[in-house]
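Last residue of the sequence shown: number 277 in my numbering, and the count goes up by one each step with no gaps.
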Amino acid sequence: MSDYAEYCRAVETYLCQKNRGRLIRLVGPSFELVRGWAEQGLPLKIVMRGIDERVTRYEAKSKSSRRYPLHIEFCENDVLRAFDDWRRSVGPTIDVDQRDDSRATAKSLPKHLTTVMSRLTACLMNPEPWPGLHVVLNRVVRALDELREPAKTARGSVRFDLLKSLQNLDGAMMRDIRVVADEPTIKAVEAEVATELGVFRERMSQSAYEEATKLAVEQRLRVQLGLPRLSST
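What follows is the structure, given as structure tokens:
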């Protein structure tokens, strides 16, 4: 599907169905995440399979038939895992039948790295809200710079490994930012998240609640600081 907006609407509609009619709009970082899947060439059926797997795992942990609506960010690992499984199952066919698409999507990774590094550099130009943030961001920029050259020719499993590296780097970045963030910021964000998830607390298992809290806190910090999602390609 060449229309990224239409691709995102299809994912949004499917997620709404899985959320039993609760519509969670794909805006901001969540839209960028799904648009990145479209640019990478993930088939919609694979994205839906990843969503299905995340929903199935969550419902198995849920204490009741009622649950909080699932956000697409929580499905990212499952979607990428489903895509990896699909690529392995189709083997070399993907290179033969979709050669032009592979060339097109391969070009998006170097472009994505350049865009992400530019956004991080812009963040570094701003005053530090608390000591240590610039150290974390500088470390991430250096790591991204090391990926730029191999990204230019990456194909198939090599490219997927680079995408996994970006995903891991993104997770490490957010964990490090949470460590260096000052106490008032963390307490304020955690209070907002606790209020947001509070109505669902009794219906969630402890592990599900902790995971939802962690992801929500990191997402709020990302938005507050204007940070890009490194793995959105």
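For every residue, glycine included, the Cβ atom is placed at its ideal position computed from N, Cα and C.
Query, Result
"Using only alpha-carbon positions, find the residue among Ser249, Leu265, Ala126 and Arg64 that is nearest to glutamate 236.", "Leu265"
"If the criterion is Cβ atoms closer than 9 Å, does the pair isoleucine 95 and valine 160 meet it?", "no"
"Do arginine 163 and proline 73 count as a contact pair if the criterion is CB distance below 9 Å?", "no"
"In angstroms, rounded to a whole number, what distance separates the CA positions of valine 267 and glycine 215?", "15 Å"
"Could you give the distance in angstroms between the alpha-carbon of isoleucine 68 and the alpha-carbon of leucine 177?", "31 Å"
"I need the straight-line Cα distance from tyrosine 253 to glutamine 263, nearest angstrom please.", "15 Å"
"Count the other CB atoms within 10 Å of the CB of alanine 166; is the residue buried (16 or more) or exposed (fewer)?", "exposed"
"At the level of alpha carbons, what is the spacing between glutamate 76 and arginine 247?", "30 Å"
"Give the range of the alpha helix (DSSP H) segment to which proline 171 is assigned.", "Careful: proline 171 lies outside any alpha helix (DSSP H) and carries neither H nor E."
"What's the call for arginine 219, buried or exposed, on a 16-neighbour Cβ count within 10 Å?", "exposed"
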